[in-house]
Amino acid sequence: MCLKDDGHEFVTIWNHETCSSLRKGYTFGSWSKEIGKEFNSTYNVTIFATLNFFLPIVHFFITPNNTMHEYEFPCCGLDFWLFLTICLVIVLLAGITSGLALGILSYSQVDLEVLIKGGRPKEKRNAERIQPFVKNGHFVLCTLLLGKSLAMEALPIFMDLIIPSWYTILMSAPLVTVFAEILPQAVCSRYGLTFGANLAPFTHLLLLIFFPITYPASKLLDWALGKEHSVLLRRSELKTFVDLHADEAGKGGELSHHETSIITGAMDLTQKTAIDAMTHISETFSLDINSKLDMHTMTQIMSKGHSRVPIHTGNPRNIIGLILVKNLIFCRPEDETPIKNLIIRKIPRVYESWPLYEILNQFKKGHSHMAVVLKGNMETESTAPAHAVDSPVFLNIITNQESNQVQINGGNILHNLAICYHI
Numbered sequence: 001m002c003l004k005d006d007g008h009e010f011v012t013i014w015n016h017e018t019c020s021s022l023r024k025g026y027t028f029g030s031w032s033k034e035i036g037k038e039f040n041s042t043y044n045v046t047i048f049a050t051l052n053f054f055l056p057i058v059h060f061f062i063t064p065n066n067t068m069h070e071y072e073f074p075c076c077g078l079d080f081w082l083f084l085t086i087c088l089v090i091v092l093l094a095g096i097t098s099g100l101a102l103g104i105l106s107y108s109q110v111d112l113e114v115l116i117k118g119g120r121p122k123e124k125r126n127a128e129r130i131q132p133f134v135k136n137g138h139f140v141l142c143t144l145l146l147g148k149s150l151a152m153e154a155l156p157i158f159m160d161l162i163i164p165s166w167y168t169i170l171m172s173a174p175l176v177t178v179f180a181e182i183l184p185q186a187v188c189s190r191y192g193l194t195f196g197a198n199l200a201p202f203t204h205l206l207l208l209i210f211f212p213i214t215y216p217a218s219k220l221l222d223w224a225l226g227k228e229h230s231v232l233l234r235r236s237e238l239k240t241f242v243d244l245h246a247d248e249a250g251k252g253g254e255l256s257h258h259e260t261s262i263i264t265g266a267m268d269l270t271q272k273t274a275i276d277a278m279t280h281i282s283e284t285f286s287l288d289i290n291s292k293l294d295m296h297t298m299t300q301i302m303s304k305g306h307s308r309v310p311i312h313t314g315n316p317r318n319i320i321g322l323i324l325v326k327n328l329i330f331c332r333p334e335d336e337t338p339i340k341n342l343i344i345r346k347i348p349r350v351y352e353s354w355p356l357y358e359i360l361n362q363f364k365k366g367h368s369h370m371a372v373v374l375k376g377n378m379e380t381e382s383t384a385p386a387h388a389v390d391s392p393v394f395l396n397i398i399t400n401q402e403s404n405q406v407q408i409n410g411g412n413i414l415h416n417l418a419i420c421y422h423i
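Okay, here's the thing in structure tokens:
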């Protein structure tokens, strides 16, 4: 604010010009003089501060041609169109750098590796093109943010050369918000991979131009925050991730319920032990070694539908081995063949604390798909004889649960694990 010597006339200073130059062409004239006469020689600072804010706005509307200052390149000469084009290019550059920051840096190295190894052909190519940028995340981040900041700062400077300052204030903020923030991020949040891959040469050019500034800054960030590293999902998160990709989740997933059950069941095996997969012996079917394969026994075997039948001696809790049902194909009920005359296979023994994956690996060797589970652990092996037939025995058949189905080596049939429990 500038005052005359008599204290009755005041003007607003624009562009830090002197009071004398302002009074020549940009004073408010008699209108502002009449306002000044209403005040005493001692002016209220608050009132003048308020007038200093509002009078420029009023001046804009009452001044001929609504001009607040004489800008350098008025419409519509060659220089005007040149600087207008520069402004449009600056807005475009700000939008591109903003979109690249989201399109490239929103992907992790794990995401790109998944796309490269298992994505569609186009996704593989796009992921391979932006993978080098993701590996140098801090370098790319500093470069794109610097380019965006320079563009946003340069826009008002060039706009002020072709339009009034008041228009510059009104137009630069919406242009930057809409075309450099909202639209690029809305597009790149959905098509970021394609956008980043197609503009990979432009990104390389920016990295080269701003290298002297952004590379040291990125190394400082690497030292302070550590380099970018792959973030893998925990087991529980991975199970939830698989469940969300099931078709029954209603999110467009391609996995069926059967597939998700197998995947999550296989993941659960690492956390479960033999004791978690056991059933009481009273719920199993076994035969005494002294029994005969008559019509009644053969009917029982057929009705149970098992491929293997445990054999006990005397007490059903004393398991000594097993027979394969397929070996009974030549046995006739009228012959009443004694079971002790059949080939009784040895049944493996495991401990209740053994992980199911370890037991599964034993089954996959093809020797047996049933095992006796000893109570305790390997340290107590000497106290539990291998053929302790006088000890109480529990048998477990893992039920036909899809989550526990596994593929045995040498075939493509899903077998169920069968485990016996021996105390």
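Position one of the sequence shown corresponds to residue 1 (UniProt numbering), numbered consecutively onward.
Here a beta-carbon is modelled for each residue, glycine too, at the ideal position from N, C-alpha and C.
Bear in mind the structure is a predicted one, so any value in this text is a computation, not a measurement.
Checklist line | Closest by C-alpha distance to N198, when choosing among I130, I162, E352 | finding: Answer by Cα proximity: I130.
Margin query: My output table needs one value for T313: the three-state DSSP class, helix, strand or coil.
Written below: It is coil, neither helix nor strand.
Margin query: For the ligand MN, is there any heavy atom lying closer than 7 Å to the beta carbon of L233?
Written below: No copy of the ligand MN occurs in the structure displayed, which carries no ligand at all.
Note to self: With a threshold of 6 Å on Cβ separation, who are the neighbours of T97 within its own chain once the five nearest residues in sequence on each side are excluded?
What the structure shows: Shown here for T97: same chain residues with a beta carbon closer than 6 Å to its own, the five before and five after excluded, namely L144, G147, K148 in chain order.
Notebook entry, point to check: If you draw a straight line from the C-alpha of G314 to the C-alpha of V350, how long is it?
Noted result: Their Cα atoms are separated by approximately 23 Å.
Notebook entry, point to check: Under 8 Å, do I319 and S353 count as touching if we go by C-beta distance?
Noted result: No.
Check: What is the rounded straight-line gap between the Cα of G192 and the Cα of I104?
Finding: When rounded, the distance between both Cα atoms is 7 Å.
Margin query: Contact defined as beta carbons within less than 8 Å: I believe residue 424 pairs with L100. What is the distance between those atoms, to the nearest angstrom?
Written below: Lying before the first or after the last residue shown, residue 424 is absent from the chain, which here runs from 1 to 423.
Note to self: Determine whether the beta carbon atoms of L269 and P333 lie at a separation below 8 Å.
What the structure shows: Cβ atoms of L269 and P333: not closer than 8 Å.
Note to self: DSSP has T337 in a bridge; who is on the other side?
What the structure shows: In DSSP, T337 forms a bridge with L293.
Next item on the list: Return the chain-ordered ranges of every alpha helix (DSSP H) run that is complete within the region 64-148 and spans a minimum of 4 residues.
Entry: Counting whole runs of 4 or more residues, the region 64-148 contains the alpha helix (DSSP H) stretches 78-105, 109-118, 121-135.
Notebook entry, point to check: Would DSSP call T299 helix, strand or coil?
Noted result: When DSSP states are grouped into helix, strand and coil, T299 belongs to the helix group.
Next item on the list: Leaving out five residues on either side along the sequence, give the residues of the same chain with a beta carbon under 7 Å from the beta carbon of L232.
Entry: Spatial neighbours of L232 in its own chain (CB-CB distance under 7 Å, excluding positions within 5 residues in sequence) are listed in chain order as V110.
Check: Looking at the structure shown, is T284 part of a helix, part of a strand, or coil, going by DSSP?
Finding: If DSSP states are grouped into helix, strand and coil, T284 belongs with coil.
Next item on the list: Between the Cα of L205 and those of W223, K219, V140, spot the shortest distance and give me the residue it belongs to.
Entry: Nearest Cα to L205 within the set W223, K219, V140: V140.
Check: How big is the Cα-Cα spacing for Q185 and L112?
Finding: When rounded, the distance between both Cα atoms is 20 Å.
Margin query: Do H367 and P348 count as a contact pair if the criterion is CB distance below 8 Å?
Written below: In this structure, P348 lies near H367, with their beta-carbon atoms less than 8 Å apart.
Margin query: Quick check: what's the CA-CA separation for H258 versus T284?
Written below: Their backbone Cα atoms lie some 26 Å apart in a straight line.
Note to self: Just to check my reading of the structure: R308 and M370 have Cβ atoms closer than 8 Å, yes? What is that Cβ distance to the nearest angstrom?
What the structure shows: Rounded, the Cβ-Cβ distance is 5 Å, consistent with contact.
Next item on the list: Output the distance between the C-alpha atoms of R190 and D222, rounded to the nearest integer angstrom.
Entry: The alpha-carbon of R190 is positioned some 29 Å away from that of D222.
Note to self: So, for L155: in the same chain, excluding its five sequence neighbours on each side, which residues have a beta-carbon less than 8 Å away from its beta-carbon?
What the structure shows: So the qualifying residues of the chain are C87, I90, V91, A94, S172, L175, V176.
Item checked: Own chain residues within Cβ distance below 6 Å of P201, not counting five before or after -> Shown here for P201: not one same chain residue has a beta carbon closer than 6 Å to its own, the five before and five after excluded.
Next item on the list: Check whether the Cβ atoms of L255 and A246 lie closer than 8 Å to each other.
Entry: In this structure, A246 lies closer than 8 Å to L255 by Cβ.
Notebook entry, point to check: From K304 to G376, what does the alpha carbon distance come to, in whole angstroms?
Noted result: C-alpha separation (whole angstroms): 31 Å.
Notebook entry, point to check: Assuming L161 and F83 make a contact with CB atoms under 8 Å, what is their CB distance in whole Å?
Noted result: The beta carbons of L161 and F83 sit about 5 Å from each other, so the pair counts as a contact at 8 Å.
Checklist line | When E123, L102, F158, L208 are compared against I182, the one with the closest alpha-carbon | finding: When each option's Cα is compared against that of I182, the closest is L102.
Notebook entry, point to check: Grouping DSSP H, G and I as helix and E and B as strand, with all else coil, what is R308?
Noted result: R308: strand per DSSP, three-state reduction.
Notebook entry, point to check: Does V350 come within less than 8 Å of chain B when only Cβ atoms are used?
Noted result: The structure shown contains no chain B; it holds only a single protein chain.
Check: How would you write the range of the alpha helix (DSSP H) that I319 sits in, first residue to last?
Finding: Unbroken run through I319 is the beta strand (DSSP E), 319-324; no alpha helix (DSSP H).
Next item on the list: Determine the direct distance from the alpha carbon of H280 to that of M295, and round the result to whole angstroms.
Entry: If you take the alpha carbons of M295 and H280, they lie about 27 Å apart.
Next item on the list: Could you pull out every unbroken beta strand (DSSP E) segment of at least 3 residues lying fully inside the region 141-187, listed in chain order?
Entry: Whole beta strand (DSSP E) segments, 3+ residues: zero.
Margin query: If contacts are defined as beta-carbon pairs under 8 Å, then F133 and T214 qualify, I think. What distance do you get, rounded to the angstrom?
Written below: About 13 Å; that fails the 8 Å criterion.
Note to self: Using only the alpha-carbon positions, how far apart do C76 and S165 sit?
What the structure shows: Approximately 17 Å, taken between the alpha carbons.
Check: Beta-carbon separation of I344 and I323 under 8 Å?
Finding: Their beta carbons are under 8 Å apart, which means I344 touches I323 by this criterion.
Margin query: Quick check on DSSP: helix, strand or coil for L255?
Written below: L255 falls in the strand class under three-state DSSP.
Margin query: Only counting the same chain, and skipping five residues up and downstream in sequence, which positions put a Cβ closer than 6 Å to that of A127?
Written below: Excluding sequence neighbours, A127 sits near L112, L115, I116.
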